[in-house]
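Residue numbers (this note's numbering), protein chains in the order written: chain A, 62 to 395; chain B, -10 to 163.
The beta carbon of each residue, even a glycine, is placed where N, CA and C say it ideally should be.
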Amino acid sequence: MAPVAAKPKLALYWAASCGGCEVAVLDTNEKILDIAAHFDIVLWPVATDHKYAGVKALDDGEIDVCLFNGAIRNSEQREMAEVLRKKSKVLVAFGSCACFGGIPGLANLFAREAILERVFDTTPSTQNPEKTRPQTRWAAPEGELELPTFYNAVYRLDDIVPVDYYLPGCAPPPSLVLKAVTAIISGQLPPPGSVLAPEKALCASCPRTKEEKKIKGFNRVHLVAADPKKCFLEQGIICCGPATRDGCEARCIAANMPCRGCFGPAPEVIDQGAKLLGAIATLVDSNDPAEIRRALAGVADPAGTFYRFGVPSSLLRVARCAAPGAPGKEAMAK
Amino acid sequence: MTTPETFEPKIVGFLCNWCTYAGADLAGVSRLKYPPNVLPVRVMCSGRVEPELVLKAFWEGADGVLISGCHPGDCHYIEGNYKTLRRKELLDRLLEQFGIEKERLRLTWVSASEGDLWARVVTETVEAVRRLGPLGRTRDRLQSCDGILAADLPAGGCCHGEHPAAEGGGTGGR
């Protein structure tokens, strides 16, 4: 297709993600026509059939805006991150995976070998007696085939290349997408490095009634019928609102589901999970160590709950990912 | 290369102003001998030590963290130390999920009159962490590519491995 010189170029890309972020752009409904009318789309895997070669053939900086979703888990994703950085004037980390590591980032709680073993050997539906593993190179009669390398850890987009803006959310809500695109079209963008979402915590715009927070134990949301008017935390249901950035329009809260933290750390918060842990633990209304322990046993999976979307952003983010053979703490302890 | 014989643990100590810091002072004026591995940080209350500070200490290269406050019931702010107790319980489990031994984080109560107890607590903590060995600075693992990122990231290290927010920038970018 012949590019129209007057139209700015837009690229969308997905790396380690579910694809929901690309669909979120379609959720702008009829406004998508405005986007399509205003931009010349050069890459959008979920919706168009552009090839990598076409993108690589562009001049550096020729793409005006790239909305990049997904974390970096393998060498193909890194290559495309580097290509798109070079070809784009403005690179936006689009969605929680690109911003913080997202759900794929939870894999950083496990070493690479443990993940491969699980996937290729021990899942109930797997039969692999030869313990076959995917190879990155394979000589076929037609020529050598190449597959991407699976990395030791999941990285955020800005661990790999510099990023201009962050648009969090799983997926980013259409209102923020539209606001960001409008800002880009009109050239009224905030300073580079900004998060294109409100500068407050979710609790600030949560419509629920908040009183004193003192609980004796934790409830899980699938086991109780939550009061739709009352703060989740006061009902003993873990809600990530206190340490999570606002901007989602409290979509989950409105559906009587607690916040899961997809918008990442609230402004001025360094480590979302640690902040949440501090807020949640102190809710327990007891000074007795045994009683405190019993109550907190109700928090089923602290790392997965407090860092659901941000293990690769945690201050501990790669503690589990030591490469095999590297002198690790286990070796020292012996 | 550090060996178990030459390894000197670096431990960050968060000491409450009203009890343990005074207790540590007493250990000093009493000329008690104990290992110099704890770097004390005076805070107004052990309840002020949010989990973020503990993780940041590990990020910056601490091999262990020691939080010490007033005995239960003696908190200058009535119940700050109980809040620390609750957080410690959950923090232990979080650290284990990340592969960090919970023995690297210790919470003790030392009053202003217990200089000898402080010397004992420090000695025990240093020995426990010495047995565990170095934790390795998370930041170094990202930057110096000591095996994790050597395979994964561009040659010459990754200039974005820094955690800008952790450096005090606090842009809230992530």
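| request: Give a yes or no on whether the minimum CB-CB distance between A/ILE331 and chain B is below 8 Å. | output: yes
| said: Considering only the alpha carbon of each residue, which of B/CYS8, B/THR(-5) and B/GLY53 lies closest to B/VAL32? | reply: B/CYS8
| Under three-state DSSP, which class holds A/PHE181? | helix
| request: Can you give me the Cβ contacts of A/ASP225 inside the same chain, cut-off strictly under 7 Å, excluding the 5 residues immediately before and after it? | output: VAL151, LEU152, VAL153 and PRO253
| field | chain A contacts made by the stretch 55 to 85 of chain B, where a contact means CB separation under 8 Å | value | Near chain A, meaning a CB-to-CB distance below 8 Å, the residues of the stretch 55 to 85 of chain B are PRO61, GLU68, TYR71, LYS72, LEU74, ARG75, ARG76, GLU78, LEU79, LEU80, ARG82, LEU83 and LEU84.
| task | With a floor of 3 residues, list each beta strand (DSSP E) that falls wholly inside the stretch 212 to 261 of chain A, ordered by position along the chain. | result | 226 to 228
| request: Would you mind telling me which residues of chain A sit closer than 8 Å to B/TRP48, beta carbon to beta carbon, in chain order? | output: What B/TRP48 touches in chain A: LEU376 and LEU377.
| said: With a threshold of 8 Å between beta-carbons, can A/VAL360 be considered close to chain B, or not? | reply: yes
| request: Ignoring anything shorter than 4 residues or poking outside the stretch 6 to 54 of chain B, list the alpha helix (DSSP H) runs there in chain order. | output: 9 to 18 and 40 to 48
| When A/LYS92, A/TYR212, A/ARG269 and A/ALA340 are compared against A/ALA132, the one with the closest alpha-carbon | A/TYR212
| request: Write down the C-beta distance between A/GLY89 and A/LEU239 rounded to the nearest angstrom, noting that I regard them as a contact closer than 8 Å. | output: Note that residue 89 of chain A corresponds to Thr in the displayed sequence, not to Gly. Contact flag correct, Cβ pair sits at about 5 Å.
| said: Just to confirm, is the Cβ distance from B/PRO40 to A/ALA304 under 8 Å? | reply: no
| query | Of the residues A/ALA342, A/SER255 and A/CYS313, which one's Cα is nearest the Cα of A/GLU295? | reply | A/ALA342
| For B/LYS45 and chain A, any beta-carbon pair shorter than 8 Å? | yes
| said: Can you pull the chain B neighbours of A/PRO350, defined as C-beta to C-beta under 9 Å? | reply: PRO61, LEU74 and GLU78
| message | Quick check on A/GLN333: buried or exposed, where buried means 16 or more other Cβ atoms within 10 Å of its Cβ? | response | Its Cβ being crowded by 16 or more others within 10 Å, A/GLN333 is buried.
| task | On a CA-only basis, which of A/CYS79, A/ARG198, A/LEU177 and A/PHE181 is nearest A/ALA208? Give me that one, please. | result | Reading off the sequence shown, one finds Leu at residue 208 of chain A, where the question assumed Ala. Looking at the Cα atoms, A/ARG198 is the closest of the given residues.
| What residues in the stretch 32 to 44 of chain B have a beta carbon less than 7 Å from any beta carbon of chain A? | GLU39, PRO40, GLU41 and LEU44
| message | Quick check on the DSSP output: the alpha helix (DSSP H) that includes B/VAL110 runs from which residue to which? | response | 104 to 121
| message | Along the stretch 172 to 193 of chain A, where does the CB come closer than 7 Å to a CB of chain B? Name the residues. | response | Look at the stretch 172 to 193 of chain A: it has no residue with a C-beta under 7 Å from a C-beta of chain B.
| task | Using a cut-off of 8 Å between C-beta atoms, extract the partners of A/ARG354 located in chain B. | result | GLU78
| query | Counting pairs of beta carbons, one from the stretch 212 to 222 of chain A and one from the stretch 118 to 137 of chain A, are three or more of them closer than 8 Å? | reply | yes
| Per DSSP, what kind of secondary structure is A/TYR113 in: helix, strand or coil? | helix
| Quick one: Cα of B/ASP63 to Cα of B/ASP14, how far? | One C-alpha to the other measures close to 19 Å.
| query | Using a beta-carbon distance below 8 Å, is A/LYS336 in contact with chain B? | reply | Output row for A/LYS336: interface = yes.
| query | In whole angstroms, what separates the C-alpha of B/GLY50 from that of B/LYS(-1)? | reply | 8 Å
| Buried or exposed: A/GLN138, going by 16 or more other Cβ atoms within 10 Å of its Cβ? | buried
| said: I'd like the span of the alpha helix (DSSP H) that includes B/TYR71, first residue to last. | reply: Note, B/TYR71: alpha helix (DSSP H), 69 to 86.
| task | Output the boundary residues of the alpha helix (DSSP H) element that contains A/SER136. | result | 136 to 148
| query | Residues of chain B with a CB under 8 Å from the CB of A/GLY339: which are they? | reply | GLU39, PRO40, GLU41 and ARG76
| field | Contacts around A/ILE245, its chain only, beta-carbon distance under 6 Å, and the 5 residues preceding and following it disregarded | value | Taken in chain order, the residues that qualify are VAL126.
| task | Please work out which residues of its chain come closer than 7 Å, Cβ to Cβ, to A/CYS320, disregarding the five sequence neighbours upstream and downstream, and give them in chain order. | result | Excluding sequence neighbours, A/CYS320 sits near LEU263, CYS300, CYS301, GLY302, THR305, CYS313 and ILE314.
| Check: A/LYS192 C-beta below 7 Å from any heavy atom of the ligand MG | Although the ligand MG was asked about, the structure shown includes no ligands whatsoever.
| task | Could you spell out the range, first to last residue, of the alpha helix (DSSP H) harbouring A/ILE93? | result | 92 to 99
| said: I want to see whether chain B comes within less than 8 Å of A/ASP241, judged by CB atoms only; does it? | reply: Correcting the residue type first, residue 241 of chain A is Ala in the shown sequence and not Asp. No, A/ALA241 lies away from the interface with chain B (no Cβ there is under 8 Å from its Cβ).
| query | What did DSSP end up calling B/GLY62 once you bin it into helix, strand or coil? | reply | In this structure, B/GLY62 counts as coil in the three-state DSSP scheme.
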